[in-house]
Amino acid sequence: GAGVSQTPSNKVTEKGKYVELRCDPISGHTALYWYRQSLGQGPEFLIYFQGTGAADDSGLPNDRFFAVRPEGSVSTLKIQRTERGDSAVYLCASSPGVSSEAFFGQGTRLTVV
Amino acid sequence: DAKTTQPTSMDCAEGRAANLPCNHSTISGNEYVYWYRQIHSQGPQYIIHGLKNNETNEMASLIITEDRKSSTLILPHATLRDTAVYYCIVRVTGGNQFYFGTGTSLTVIP
Numbered sequence: 013g014a015g016v017s018q019t020p021s022n023k024v025t026e027k028g029k030y031v032e033l034r035c036d037p038i039s040g041h042t043a044l045y046w047y048r049q050s051l052g053q054g055p056e057f058l059i060y061f062q063g064t065g066a067a068d069d070s071g072l073p074n075d076r077f078f079a080v081r082p083e084g085s086v087s088t089l090k091i092q093r094t095e096r097g098d099s100a101v102y103l104c105a106s107s108p109g110v111s112s113e114a115f116f117g118q119g120t121r122l123t124v125v
Numbered sequence: 129d130a131k132t133t134q135p136t137s138m139d140c141a142e143g144r145a146a147n148l149p150c151n152h153s154t155i156s157g158n159e160y161v162y163w164y165r166q167i168h169s170q171g172p173q174y175i176i177h178g179l180k181n182n183e184t185n186e187m188a189s190l191i192i193t194e195d196r197k198s199s200t201l202i203l204p205h206a207t208l209r210d211t212a213v214y215y216c217i218v219r220v221t222g223g224n225q226f227y228f229g230t231g232t233s234l235t236v237i238p
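Line order of the protein sequences matches chains A and B. Counting the first sequence from 1 gives a position; my numbering is that position plus 12. Counting the second sequence from 1 gives a position; my numbering is that position plus 128.
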């Protein structure tokens, strides 16, 4: 069956530009997570949605980062005024409920030049 | 705050059992132990999880000590495709985050 899909798989952008990263979760999964992974590090939590609402956004590093999930399915991670330090792989995961295991997508590799 | 301690790296001979340890001495009664792995350039893959009883599935076995302060993931017959970074994670029931830490880099040697 279809897993978590993330688009684009790679994104190169110039410093200062705005980017959007998309996540299509597994159908029916109510929980959705965004993580960021820098080279050589484990994934770092950014934000968690339960349905349409952000239940925990404590991992967002600053107000340049924002995420939405307007219909409780697809989610978009938005980064304003990108900086070179934002370069990383951005991972999305979904799960059927808060007590279930999460299934990850392949990630979007963002490079800010 | 990863709450777990794992060795940085391990080797295992192909066909042998790989035993990956994890310390979680501050684990709470309502926290599960999860294991994920990440093969190079892929997203993390769920392996197994447990609360206090040992668990087994088609991929691996999870052995949790009686005091729950440590656990071991066992891959019974390691193959070259099991080369990956393995993450041990503790997560509260109904919790909304998985804290990954830096994991153990397992290399299966032919």
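Glycine included, every Cβ here is placed at the ideal spot set by N, Cα and C.
Should residue i go down as buried or exposed, given a rule of 16 or more other Cβ atoms within 10 Å for buried?
i      : result
Q53/A  : exposed
S87/A  : buried
Y174/B : buried
L179/B : exposed
R48/A  : buried
H152/B : buried
G143/B : exposed
V125/A : exposed
I155/B : buried
Q92/A  : exposed
Q170/B : exposed
L208/B : exposed
P82/A  : exposed
Quick one: what does DSSP say residue i is sitting in, helix, strand or coil?
i      : result
R93/A  : coil
D210/B : helix
T230/B : coil
K23/A  : strand
Y215/B : strand
V124/A : strand
Is it the case that the CB of residue i approaches a heavy atom of the ligand NAD more closely than 7 Å?
i     : result
P82/A : The ligand NAD is not part of this structure, which contains no ligands at all.
Show which residues of chain B have a CB atom less than 7 Å away from the CB atom of residue i.
i     : result
P55/A : P172, F228
D36/A : Within chain B, no residue comes near D36/A; the closest Cβ sits about 13 Å away, beyond 7 Å.
Report the neighbours of residue i on chain E: residues whose CB is nearer than 8 Å to its CB, in chain order.
i      : result
G117/A : Note that chain E does not occur in the displayed structure, where the protein chains are A and B.
Against chain B, does residue i count as a neighbour if the rule is that its beta carbon must be under 8 Å from one of theirs?
i      : result
Y102/A : no
Y30/A  : no
G69/A  : Going by the sequence as given, residue 69/A is Asp instead of Gly. With 8 Å as the cut-off, D69/A does not count as an interface residue toward chain B.
Is residue i close to chain A? Criterion is C-beta to C-beta, closer than 8 Å.
i      : result
G231/B : yes
H177/B : yes
Q134/B : no
At a CB-CB cut-off below 8 Å, which residues of chain A make contact with residue i?
i      : result
Y214/B : Going along chain A, no residue has its Cβ under 8 Å from Y214/B, so there is no contact; the nearest lies around 11 Å.
Mind pulling the chain B residues with CB within less than 8 Å of residue i?
i      : result
E113/A : Y162, Y174, H177
Original post:
At what residue ranges does the stretch 38-121 of chain A contain a whole run of the beta strand (DSSP E), taking only runs of 3 or more?
Top reply: 43-49, 56-62, 65-68, 77-80, 87-91, 100-107
Subject >> Completely contained beta strand (DSSP E) runs for the stretch 130-205 of chain B, where each covers 3 or more residues >> reply: 137-141, 146-151, 159-166, 173-178, 189-192, 198-203
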